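Peer 1: Okay, handing you the structure first.
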Amino acid sequence: MTHRHPQDLSARLGILCAILVLATGLLSASPALALSEIQREEVPLPPQEDTLGDEIEREDLPPPEMRPQPEESQSGPADEKPDMNVPFPDPVVIPKTPAKEEGAPVDSMQDDDIPVPEVIYDVETLPEPVRRMRTLIMEACMTGDIEQLRPLVGSGDNATQLSFANIGDDPIEFLRGLSGDDEGQEILAILYEVMAAGFVHLDQGAPGEMYVWPYFFAVPLETLGNTQRFELFKLVTAGDYEDMKAFGAYIFYRVGISPEGEWLFFVAGD
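Here my numbering is used: position 36 in the sequence shown is 127, and no number is missing along the way.
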């Protein structure tokens, strides 16, 4: 019986262990491959005929100089800059308010062309019917009884205009409602001060001829001097004056009397 040397057995055992370790390492390392690497290996290469088809299609295309060119836009080539010197269209011109006289050219209407009527203080220059109606109105105001105005305001077609809207059935009750007090003394005081101011004679010789108090109704407010503004402040406050300047006209109470002595209106507003 042959006896093996212990060193041979140790060598054999060492080789066997090394083989086992190597096999174990290979088995444990195989699952650790990256997914990206596996995917790259599984992606098939494109078939050769597809590439050849692309080459054939590219060869069939006409040369660039024979290909249809895109039409230029109406605004010109892309590299052409717009002409910045082309003028803009003229703005819309708003026409002026037509002149009072029919057929008068619109361009000739200027503020300087509108005559400012003469301011009159002398009541003796009034026609007698006008002077009489003025006196009756002021005397009724001084009584403090608003009912004293009833016979003066008239009725029907000859009734005095007291508003630009409907006033109801009773003109005196309407005037009382305009007053800041229950009895109507405030509106009587306003009416009296209006009739005590200077006046103007409008539309002389025309069908609408009348005498109007106060004269501020027909005189531009921006032209008033110190004395005239003092007279105006007997009727309105400084705040009212600024508001009316912004509006462009006197819009507080005014009175109109015809040359025949008819009390035409006592109104405020525009």
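Glycine is no exception: its CB is placed at the ideal position from the N, C-alpha and C atoms.
Remember, predicted model here, so these are calculated numbers, not experimental data.
#1: From Trp354, Pro206, Arg225 and Pro220, pick the residue whose C-alpha is nearest to that of Met286; which is it?
#2: Leaving out five residues before and five after Ser349 in sequence, what residues of the same chain have Cβ atoms less than 6 Å from its Cβ?
#3: By the DSSP assignment, the alpha helix (DSSP H) with Val244 in it spans what residues?
#4: Are the stretch 226–243 and the stretch 277–294 touching, with three or more C-beta to C-beta distances below 8 Å?
#5: Could you say which of Ile278, Thr314, Gly352 and Glu313 lies nearest to Leu326 if we only look at CA atoms?
#6: Name the DSSP beta bridge partners of Met301, please?
#7: Would you tell me roughly how many angstroms separate the C-alpha atoms of Asn249 and Gln319, rounded to the nearest one?
#8: Who are the Cβ neighbours of Tyr332 in its own chain at under 8 Å, not counting the five residues just before and after it?
#9: Comparing C-alpha positions only, which one of Gly352, Asn317 and Val303 sits nearest to Tyr212?
#10: Just to check, is the beta-carbon of Thr226 closer than 6 Å to a non-hydrogen atom of the ligand SAM?
#11: So, helix, strand or coil for Leu323, using DSSP?
#12: Nearest to Glu238 by alpha carbon, out of Glu274, Ala309 and Gly339?
#13: Please work out which residues of its chain come closer than 7 Å, Cβ to Cβ, to Arg131, disregarding the five sequence neighbours upstream and downstream, and give them in chain order.
#14: Sorted by chain position, which residues of the same chain lie with C-beta nearer than 7 Å to Arg267's C-beta, five sequence neighbours on each side aside?
#15: Would you call Val207 buried or exposed, if buried means 16 or more other Cβ atoms sit within 10 Å of its Cβ?
#16: Give the secondary structure of Leu282 by DSSP, where H, G and I count as helix, E and B as strand, and everything else as coil.
#17: Among Tyr306, Leu315 and Asn317, whose alpha-carbon lies nearest the alpha-carbon of Phe343?
#18: In this structure, does DSSP put Ile211 in helix, strand or coil?
#19: Identify the residues that DSSP records as bridge partners of Phe357: which are they?
#20: Is the CB-CB distance between Phe265 and Gly271 below 7 Å?
#21: Applying the criterion that 16 or more other CB atoms from any shown protein chain within 10 Å of the CB defines a buried residue, is Ala256 buried or exposed?
#22: Can you tell me which residues form a DSSP beta bridge with Gln276?
#23: What's the gap between the Cα of Asp361 and the Cα of Val310?
Peer 2: On the basis of the coordinates in this document:
#1: Reading the sequence shown from its first residue, position 195 is the one you call residue 286. Relative to the Cα of Met286, the nearest Cα in the group Trp354, Pro206, Arg225 and Pro220 belongs to Arg225.
#2: As a first step, residue 349 must be located in the sequence shown, where it is residue number 258. So the qualifying residues of the chain are Met301 and Leu355.
#3: Here residue 244 refers to the residue found at position 153 of the sequence shown. First-last of the alpha helix (DSSP H) with Val244: Arg241 to Val244.
#4: Yes, they touch.
#5: As a position in the sequence shown, residue 326 is number 235, starting the count at 1. With distances taken between Cα atoms, Leu326 lies closest to Ile278.
#6: Numbered from 1 along the sequence shown, position 210 holds the residue referred to as residue 301. DSSP lists Leu293 as partners of Met301.
#7: Counting from 1 along the sequence shown, the entry for residue 249 is found at position 158. Counting from 1 along the sequence shown, the entry for residue 319 is found at position 228. If you draw a straight line from the Cα of Asn249 to the Cα of Gln319, it is about 33 Å long.
#8: The sequence position of residue 332 within the sequence shown is 241, counting from 1. Answer for Tyr332: Leu312, Arg320, Leu323 and Phe324, listed in chain order.
#9: The residue given as residue 212 occupies position 121 in the sequence shown. When each option's Cα is compared against that of Tyr212, the closest is Val303.
#10: No copy of the ligand SAM occurs in the structure displayed, which carries no ligand at all.
#11: Taking the sequence shown and counting its residues from 1, one reaches residue 323 at position 232. Residue state, collapsed to three classes: helix.
#12: Numbered from its first residue, the sequence shown carries residue 238 at position 147. When only C-alpha atoms are compared, the closest one is Glu274.
#13: To locate residue 131, count along the sequence shown from 1; it is residue 40. Note that Arg131 has pLDDT 42, beneath the 50 cutoff, so the model's placement of it is unreliable and no number is given.
#14: For the purposes of this step, residue 267 is identified with residue 176 of the sequence shown, where counting begins at 1. Within the same chain, Cβ atoms closer than 7 Å to the Cβ of Arg267 are found at Ile237 and Gly275, the five residues on either side in sequence being excluded.
#15: Here residue 207 refers to the residue found at position 116 when the sequence shown is read from its first residue. Looking at its Cβ environment, which holds fewer than 16 other Cβ atoms inside 10 Å, Val207 is exposed.
#16: Working through the sequence shown from its first residue, we reach residue 282 at position 191. It is helical.
#17: Position 252 of the sequence shown, counted from the first residue, corresponds to residue 343. Nearest of Tyr306, Leu315 and Asn317 to Phe343, Cα basis: Tyr306.
#18: Position 120 of the sequence shown, counting from 1, holds the residue named residue 211. Assigned with DSSP and collapsed to three states, Ile211 falls in strand.
#19: Residue 357 sits at position 266 when you count from the first residue of the sequence shown. Note: Phe357 sits in a beta bridge opposite Val346.
#20: As a position in the sequence shown, residue 265 is number 174, starting the count at 1. As a position in the sequence shown, residue 271 is number 180, starting the count at 1. Result no, Cβ atoms of Phe265 and Gly271 do not sit closer than 7 Å.
#21: Along the sequence shown, one-based indexing puts residue 256 at 165. Its Cβ having fewer than 16 others within 10 Å, Ala256 is exposed.
#22: Indexing the sequence shown from 1 puts residue 276 at position 185. The partner list for Gln276 (beta bridge, DSSP) is empty, contrary to what the question assumes.
#23: The residue labelled residue 361 in the question sits at position 270 within the sequence shown. The residue labelled residue 310 in the question sits at position 219 within the sequence shown. About 15 Å.
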